Amino acid sequence: MRDTPLSNCERDFLLKAIQEKKRLDGRQTYDYRSIKISFGTDYGCCFVDLGKTRIMAQVSCELITPKENRPNEGLIFFNIELSPMASPAFEMGRQSELLVKLNRQLERCLRNSKCIDTESLCVVSGEKVWQIRVDVHLLNHDGNLMDAASIAAIAALCHFRRPDVGIQGEEVTVYSTEERDPIPLSIYHMPICVSFSFFQQGTYLLVDPCEREERVMDGLLMIAMNKHREICSIQSSGGIMLLKDQVLRCSKIASVKVSEITELINKALENDKKARKTGGKFGFAESLPQERITALKTDVSPVEMSDVKEKANEIVQRAEVPPQTVPSPVLTAPGTGQVGEGLENSWGLKEEEEEEEEEEDETVELKMELEEGHEEKGRGDVVVISDSDSEEEDVVILNQVTTKEKASISNQQGAVASKQQQQQQKKKKKKRGQ
Amino acid sequence: MAKDQMTLPTFRKQVSLSPSLSALDGKDLVVPGDVITSDTGFMRGHGTYMDEEKLTASVAGEVERVNKLVCVRPLRTRFNGEVGDVVVGRITEVQQKRWKVETNSRLDSVLLLSSVNLPGGELRRRSAEDELTMRDYLQEGDLISAEVQSVFSDGALSLHTRSLKYGKLGQGVLVQLSPSLIKRQKTHFHNLPCGASIILGNNGFVWLYPAPGQQDEEAGGYYTSLEPVSLSDREVISRLRNCLLALGAHKVLLYDTSVLYCYESSLPHQIKDILKPEVMEEIVMVTRQKLVEQEG
Chain A
1 MRDTPLSNCE RDFLLKAIQE KKRLDGRQTY DYRSIKISFG TDYGCCFVDL GKTRIMAQVS
61 CELITPKENR PNEGLIFFNI ELSPMASPAF EMGRQSELLV KLNRQLERCL RNSKCIDTES
121 LCVVSGEKVW QIRVDVHLLN HDGNLMDAAS IAAIAALCHF RRPDVGIQGE EVTVYSTEER
181 DPIPLSIYHM PICVSFSFFQ QGTYLLVDPC EREERVMDGL LMIAMNKHRE ICSIQSSGGI
241 MLLKDQVLRC SKIASVKVSE ITELINKALE NDKKARKTGG KFGFAESLPQ ERITALKTDV
301 SPVEMSDVKE KANEIVQRAE VPPQTVPSPV LTAPGTGQVG EGLENSWGLK EEEEEEEEEE
361 DETVELKMEL EEGHEEKGRG DVVVISDSDS EEEDVVILNQ VTTKEKASIS NQQGAVASKQ
421 QQQQQKKKKK KRGQ
Chain B
1 MAKDQMTLPT FRKQVSLSPS LSALDGKDLV VPGDVITSDT GFMRGHGTYM DEEKLTASVA
61 GEVERVNKLV CVRPLRTRFN GEVGDVVVGR ITEVQQKRWK VETNSRLDSV LLLSSVNLPG
121 GELRRRSAED ELTMRDYLQE GDLISAEVQS VFSDGALSLH TRSLKYGKLG QGVLVQLSPS
181 LIKRQKTHFH NLPCGASIIL GNNGFVWLYP APGQQDEEAG GYYTSLEPVS LSDREVISRL
241 RNCLLALGAH KVLLYDTSVL YCYESSLPHQ IKDILKPEVM EEIVMVTRQK LVEQEG
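Sequence lines, in order, name chains A and B. Residue 1 is where the first sequence starts when you use the numbering used here, and the numbers rise one by one after that. Residue 1 is where the second sequence starts when you use the numbering used here, and the numbers rise one by one after that.
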């Protein structure tokens with residue numbers, strides 16, 4: 001199916017906004033979207049979320065005969081698939097230009113940079129070597145597929161464990177996961193792609209374009225680097241003319257971004273390793289606790305907090321004194337149901353017990369007051385609350401507990417205080433009722 | 001993989017959750033993978049497939065049965081046009097004697113040159129010059145309102161703008177929603193009392209524009225006034241647009257009354273606040289209450 005065409009108004013709007021250094025989602029020019037990396041229960045399965053772009057990479061291995069001109073090197077095979085669930089424009093089985101471009105770039109980035117030691121994949125020279133196969137599936141297309149694909153591929157390769165192999169003379173035994181622990185691949189460095197999109201013939205530059213921005217861009221520059229500031233591959237598409245200092249600037253930005261992303265991948269790998277070692281839960285199902293099917297969920301967005309204090313002070317100064325209001329406008333006449341409202345029960349039972357309790361509480365409370373007279377100020381809150389216009393009469397003062405040192409006593413205090421409140425209000429009610 | 005759990009599809013019995021949903025008692029809602037029936041006597045229609053002798057649904061929607069034919073009508077789908085539907089579409093291509101219009105359906109709709117009103121009167125033979133000057137009337141990227149004249153055998157729609165109320169759309173705001181949210185009514189052109197006009201296209205595209213005022217109808221509907229719209233009009237239209245997005249997010253059926261109620265209940269809030277989830281919920285709740293009250 002053909003993709004919805006971009007209207008002229010949207011195109012003009014996007015270009016004008018970029019001229020004014022504004023982006024659709026509020027990012028800065030060099031900002032990446034939030035990256036989330038999670039691993040599956042199997043070794044070598046990795047999900048990467050770059051904003052809304054979602055990619056899955058799966059690594060698997062197999063023993064095959066090596067190439068004739070390279071008898072002691074293993075093979076790595078990359079395969080990217082554009083699933084139709086990513087975008088209505090993608091069709092199953094159709095070899096589109098985008099697909100070919102992504103495949104070539106991923107191969108150049110990971111295979112030609114020799115980030116994986118292929119000689120360690122050799123089992124019997126000339127006869128059996130490991131073939132590592134990396135399948136990358138695109139699940140949602142929201143721009144910048146190359147970056148996400150490279151992150152997913154390298155994270156999956158770092159996460160992957162191949163079965164251990166034992167050689168005794170001529171016999172080769174491949175141990176299963178239960179017999180011997182699988183061993184990780186030997187990876188020298190982690191090359192990561194960073195994409196730069198250019199607008200207005202190279203005048204404006206944006207890092208990590210989203211899908212809308214990709215539609216209006218003039219050209220794309222992809223730089224694959226590792227954290228040791230070695231460039232693994234550069235590709236410029238779209239036919240734009242770039243100046244030398246532009247490319248140099250982009251490579252500097254790329255090195256900063258790559259080190260950040262490499263750290264993120266390492267942290268994710270560490271977390272996963274820890275979770276597996278301690279026997280904790282790992283895998284996709286556990287990494288999705290927060291995601292519920294809520295249609296109106298918005299992401300956590302940063303809030304400008306620098307001038308909150310001044311604003312709050314201004315508001316407080318300008319605000320009027322709240323009017324004196326009754327805690328509850330409901331006047332309970334005697335005989336009406338007062339169940340659950342904390343008022344005096346009108347059932348006529350257990351009156352004696354209540355009176356006793358009242359006396360006890362008051363004496364206990366007096367003792368508490370004497371002991372901790374200095375905390376009266378803190379309890380000043382209690383008095384304020386009873387005059388507030390909150391409709392709840394049982395104001396359980398829980399937060400006072402945390403601020404006090406003697407937690408148990410203050411707990412009692414709190415309970416006592418709230419009970420005192422109730423009695424105060426009961427008395428008030430009685431006065432008003434009569 | 002041993003730790004992953006798979007849920008097998010089960011036939012779900014219809015449960016009436018509350019009195020307000022009792023109207024849905026007759027309808028069977030299914031999700032992809034649900035078994036509709038194990039009886040082999042039925043013919044399978046759209047939205048179903050055979051899975052080991054059991055008829056299973058492949059889309060999420062309601063089951064329709066006509067004698068022996070069972071099909072599932074999806075809740076969220078591309079626009080399937082019928083004759084007489086009013087659509088709002090965007091010109092994507094200018095071809096030899098027709099325009100291709102994008103209307104949120106599976107195939108681009110077709111607007112033939114003979115189906116439009118040319119300036120200078122209706123009954124004029126389309127000459128070769130008309131063909132060459134097609135681009136003067138409608139270009140790529142223009143928005144039009146049109147009516148479905150017929151449906152081709154492959155499902156593509158043939159549109160026409162042979163009435164003065166259809167034609168090129170001028171200044172306004174387009175909101176793209178799901179086609180299933182638009183209620184079918186007698187007329188889809190409304191002049192809302194709040195000061196804006198709305199076209200509820202059956203294909204889910206809703207067009208908001210400032211009220212025409214004292215304008216006389218121009219010939220052919222291709223005159224677009226480029227006079228600046230006043231700020232108050234623009235505010236009304238922005239508020240309406242946000243209200244439409246709120247209603248769309250909560251899957252409320254859209255027609256002139258519901259849009260108007262939503263507008264009224266959103267007045268206490270600022271226009272940009274309407275897009276916040278909690279404010280959206282509040283506004284839609286008030287709108288729903290008003291609609292229920294109105295029904296009696």
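For each residue, glycine too, the CB sits at the ideal point set by N, CA and C. Computed from a predicted model, the values in this text were never measured in an experiment.
How many angstroms separate the CA atom of residue i from the CA atom of residue j?
i	j	result
B:R44	B:V70	5 Å
B:A60	A:K36	30 Å
A:K67	B:R90	55 Å
A:R104	B:S115	48 Å
B:L157	B:D108	8 Å
A:V165	A:R111	24 Å
B:P228	B:S238	15 Å
B:K290	B:Y255	14 Å
B:S258	B:L208	15 Å
B:I198	B:N104	19 Å
B:T187	B:L231	28 Å
A:K311	B:E235	28 Å
B:G220	B:L118	Because the pLDDT of B:G220 is 40, which lies under 50, any placement of that residue in the model is unreliable, and the number read from its coordinates should be weighed accordingly. Distance between the alpha carbons of B:G220 and B:L118: 6 Å.
B:Q139	B:Q270	37 Å
A:S7	B:G141	5 Å
B:Y137	B:N80	27 Å
A:I261	A:R70	34 Å
For the beta strand (DSSP E) holding residue i, just list the boundary residues, first then last.
i	result
A:F196	I192 to F199
B:F189	F189 to N191
A:K36	I35 to F39
B:Q176	V173 to Q176
A:M222	G219 to M225
B:P277	It is not in any beta strand (DSSP E) - B:P277 instead sits in the alpha helix (DSSP H) that spans P277 to E295.
B:I36	V35 to T37
B:T92	V86 to V94
B:P149	The amino acid occupying residue 149 of chain B in the given sequence is Gln; Pro does not appear at that position. First-last of the beta strand (DSSP E) with B:Q149: L143 to V151.
B:Y166	From DSSP, B:Y166 is part of no beta strand (DSSP E); its letter is neither H nor E.
Using a Cβ-Cβ distance under 7 Å, would residue i count as near chain B?
i	result
A:S60	no
A:S87	no
A:V382	Residue placement at A:V382 cannot be trusted, given a pLDDT of 41 that sits under 50; what the coordinates show is reported in the next sentence. Chain B contact via Cβ: absent.
A:E369	Per-residue confidence for A:E369 stands at a pLDDT of 47, beneath the threshold of 50, marking its modelled position as unreliable; no derived number is given.
For a cutoff of 7 Å on Cβ pairs, would you count residue i as touching chain A?
i	result
B:G141	yes
B:A246	no
B:S58	no
Taking the alpha helix (DSSP H) that residue i falls in, what are its first and last residues?
i	result
B:A57	First-last for B:A57: K54 to A57, but that is the beta strand (DSSP E), not the alpha helix (DSSP H).
A:I187	Careful: A:I187 lies outside any alpha helix (DSSP H) and carries neither H nor E.
A:Q19	N8 to Q19
B:S232	L231 to A249
A:A101	It is worth fixing the name first, because residue 101 of chain A is Lys in this sequence and not Ala. Taken as a continuous stretch (DSSP letters only), the alpha helix (DSSP H) holding A:K101 covers E97 to L110.
A:C158	L145 to H159
Have a look at the DSSP bridge pairing and note the partners of residue i.
i	result
A:T173	A:G166
A:F78	A:V134
A:A268	Per DSSP, none; premise fails for A:A268.
A:Q235	A:M222
B:M43	B:L69
A:I64	A:V129
B:L29	B:E62
B:M50	B:L55
B:H160	B:E147
Under 6 Å from any heavy atom of the ligand SAH, does the C-beta of residue i make it?
i	result
B:D28	For the ligand SAH, the structure offers nothing, since it holds no ligand at all.
For the stretch 82–113 of chain B, which residues have a beta carbon sitting closer than 9 Å to at least one beta carbon of chain A?
R90, T92, E102, N104, R106, L107 and D108
For the stretch 6–39 of chain A, list every residue whose C-beta sits within 7 Å of some C-beta in chain B, in sequence order.
S7 and N8
Using a Cβ-Cβ cut-off of less than 7 Å, list which residues of the stretch 162–186 of chain A approach chain B; keep chain order.
none
Check distances from the C-beta atoms of the stretch 202–228 of chain A to those of chain B and list, in chain order, the residues that come in under 7 Å.
none
Any residues in the stretch 113–139 of chain A with a beta carbon nearer than 7 Å to a beta carbon of chain B? Which ones, in chain order?
none
If you measure beta-carbon to beta-carbon, which residues of the stretch 259–282 of chain A are closer than 7 Å to chain B?
none
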